[in-house]
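Enquirer: Quick one: structure below, then a few questions.
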Amino acid sequence: MDKAHMLKFASPLLDEETIAAVGDVLRSGHITSGPWVERFEAELAASCGGRPVRVVTSATAAIELALHVAGIGPGDEVITCGQSFFTVLNMIVKVGATPVLVDCEPVTRNLDLAAVKARIGPRTRAIMPTHWPGSVMDLDALYAMARERDLRVIEDAALVQGSRYKGKPIGAQGDLVALSFHPNKNITTIEGGALVVNDAREAARVEELRFHGIKRLPDGTRDVATASGKFNLPDVNARIGVAQLARLPAFLARRRALAERYFERFATDPACELPPRPGADDGATWNMFCVLLPLSELTITRPQFRAALAERGIATGLSYEALHLTTLGKRFGYHRGDLPETERIADTTVTLPLHATMELPDVDRVCAACAEVIAAHRR
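Each residue of the sequence shown is one higher than the last, beginning at 232 in our numbering.
Here it is, written out as structure tokens:
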């Protein structure tokens, strides 16, 4: 299939006005962090119920800085889900802490809180859930558990910006919340992320950590007390973010319509397992649409299924591999069989195209192709 006619797995929607605005920033001569970063942070804060927000170069950076803000390091344990992106495992290990990986709920893929409770120990310092499209975590239960044990919570909200929990936007409540502006997320800054924090003190700490750990002293000199890196977002990216944030409601409406079309039209024999179908007013958003293949009833493998869709001009993804079975995860003593739901999902999941540049007939095309391929390879 000609790549020009391939239905992309993910694609940002950038209009000409935004592209022209980037040119204005470039011509201004102020292209690193400056007034557009300040504006973007203010508008993000407004979208998160007024809580302080600081932008950084990625959601990965946001999670790393969240761990530092929470004071987590060597000797500490962080409980997180085996069904998530590599970021959560990587950053826990990077700061010197120990990842405690637990299973996910079989339908929503969210962190299994019963499994979390069973693994809380004397070294546990934080819980790090990943919110899934279509169904965010039960925040009341999560934070009740965290308060009872005096634990920090770092929410990986990379997939769900714009979602609501009991009427409040994700990020408007809770503890530390990481957002992503990667091109396949609900809005983009090309690369970028943000961390929602609790107060001015934590915001100042992020500002310090995202720029080498530098502190400015009263006499005008500088000092470094914490070894850190450089994660500040440039104004060029922030300018894109301001434009994208204004369009977030429209992007989310399009994504909801596409997801609803998938629920209406996706039907295969044998059947695939679909994500949970939310109610119209439950506040869920759709960054991805993942299905589980009935591989035990098919004569083809998952790679062959994906190749068959690619031949029909449809790109797909994998969301996600099991973290405990990565080479890094196995270093902490995990083996196949430890997290059965995570493994079941990781072994059979395929992520179908869903992004704001798609139209409803694109969904129909994907549904028809999936039905055709699966029907042709029934056992």
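Where is the CB? At the ideal position from N, CA and C, for every residue including glycine.
(1) Using a Cβ-Cβ cut-off of 6 angstroms (strictly less than) and excluding sequence neighbours within five positions of Gly-514, which residues of its own chain qualify?
(2) Count the other CB atoms within 10 Å of the CB of His-555; is the residue buried (16 or more) or exposed (fewer)?
(3) In this structure, does DSSP put Pro-330 in helix, strand or coil?
(4) Determine, using beta carbons only, whether Lys-461 and Asp-454 come nearer to each other than 7 angstroms.
(5) Can you tell me where the alpha helix (DSSP H) with Ser-259 in it begins and where it stops?
(6) Give the straight-line distance between the Cα atoms of Asp-500 and Thr-516, rounded to the nearest whole angstrom.
(7) Mind the definition here: the region 243-261 touches the region 383-402 only if three or more C-beta pairs lie below 8 angstroms; say whether that holds.
(8) On the DSSP bridge assignment, give the partners of Arg-356 in chain order.
(9) For Ala-403, name the three-state secondary structure that DSSP assigns.
(10) As a quick exercise: from Leu-549, Val-467, Arg-543, pick the residue whose alpha carbon is nearest that of Val-604.
(11) Should Ser-527 go down as buried or exposed, given a rule of 16 or more other Cβ atoms within 10 Å for buried?
(12) Leaving out the 5 sequence neighbours to the left and right, which residues in its chain are closer than 7 angstroms to Glu-438 when beta-carbon positions are compared?
(13) According to DSSP, is Arg-350 part of a helix, a strand, or is it coil?
(14) By how many angstroms is the C-alpha of Ser-259 removed from the C-alpha of Glu-491?
(15) With distances taken between CB atoms, is the gap from Ile-250 to Pro-465 smaller than 7 angstroms?
(16) From this set, Cys-335, Leu-320, Asn-429, Leu-583, which residue's C-alpha is nearest Thr-329's C-alpha?
(17) Counting Cβ pairs closer than 8 angstroms, one from the region 371-384 and one from the region 481-497, do we hit at least three?
(18) Assign His-299 to buried or exposed, taking buried as 16 or more other Cβ atoms, counted over all protein chains shown, within 10 Å of its Cβ.
(19) Which same chain residues, not among the five before or five after Leu-591, have their C-beta less than 8 angstroms away from its C-beta?
(20) If you run the structure through DSSP and keep just helix, strand and coil, what is Gln-314?
(21) Starting from the Cα of Tyr-374, find the closest Cα among Ile-545, Pro-364, Ile-385 and give me that residue.
(22) Could you tell me the distance, in whole angstroms, from the CA atom of Ala-502 to the CA atom of Thr-582?
(23) Going by DSSP in three states, Thr-288 sits in which element: helix, strand or coil?
(24) Between the alpha carbons of Ala-599 and Pro-534, how many angstroms are there, rounded?
(25) Alpha carbon to alpha carbon, how far is Leu-244 from Lys-399? Give it in angstroms, no decimals.
(26) Give the straight-line distance between the Cα atoms of Gly-265 and Gly-451, rounded to the nearest whole angstrom.
(27) Is it buried or exposed for His-236, if we count other Cβ within 10 angstroms and need 16 for buried?
(28) Could you check whether the region 467-485 touches the region 348-361, counting it as contact only if at least three pairs of C-beta atoms, one from each stretch, sit closer than 8 angstroms?
(29) What is the DSSP secondary structure of Tyr-493, reduced to helix, strand or coil?
Expert: Well, looking at it:
(1) Around Gly-514: Ser-394, Arg-395.
(2) Result: buried.
(3) The answer is strand: DSSP assigns Pro-330 an E or B state.
(4) No, the pair does not count as a contact, with Cβ atoms beyond the cut-off.
(5) Going by DSSP, Ser-259 is part of the alpha helix (DSSP H) stretching over 247-259.
(6) For Asp-500 and Thr-516, the gap between their C-alpha atoms comes out near 28 angstroms.
(7) Verdict: no, contact absent.
(8) Bridge partners of Arg-356 according to DSSP: none are assigned.
(9) Judged by DSSP in its simplified three-state form, Ala-403 adopts coil rather than helix or strand.
(10) Put simply, of Leu-549, Val-467, Arg-543 the residue whose alpha carbon is nearest the alpha carbon of Val-604 is Arg-543.
(11) Exposed is the call here.
(12) Sequence-distant Cβ neighbours of Glu-438 in its own chain, meaning closer than 7 angstroms and more than five residues away, are Arg-285.
(13) When DSSP states are grouped into helix, strand and coil, Arg-350 belongs to the helix group.
(14) In a straight line, the C-alpha of Glu-491 is about 43 angstroms away from that of Ser-259.
(15) Not closer than 7 angstroms, so no.
(16) Here the closest residue by C-alpha is Leu-320.
(17) In short, these stretches do not touch, since the Cβ pair count stays below three.
(18) His-299 comes out buried.
(19) So the qualifying residues of the chain are Ala-488, Leu-489, Arg-492.
(20) Here Gln-314 sits in strand by DSSP.
(21) The closest CA to that of Tyr-374, considering only Ile-545, Pro-364, Ile-385, is found on Ile-385.
(22) Answer to the nearest angstrom: the Cα atoms are 16 angstroms apart.
(23) Here Thr-288 sits in coil by DSSP.
(24) Rounded to the nearest angstrom, the two C-alpha atoms are 19 angstroms apart.
(25) Answer to the nearest angstrom: the Cα atoms are 26 angstroms apart.
(26) Going from the Cα of Gly-265 to the Cα of Gly-451 covers about 20 angstroms.
(27) Exposed: under 16 other Cβ atoms inside 10 Å.
(28) Verdict: no, contact absent.
(29) Here Tyr-493 sits in helix by DSSP.
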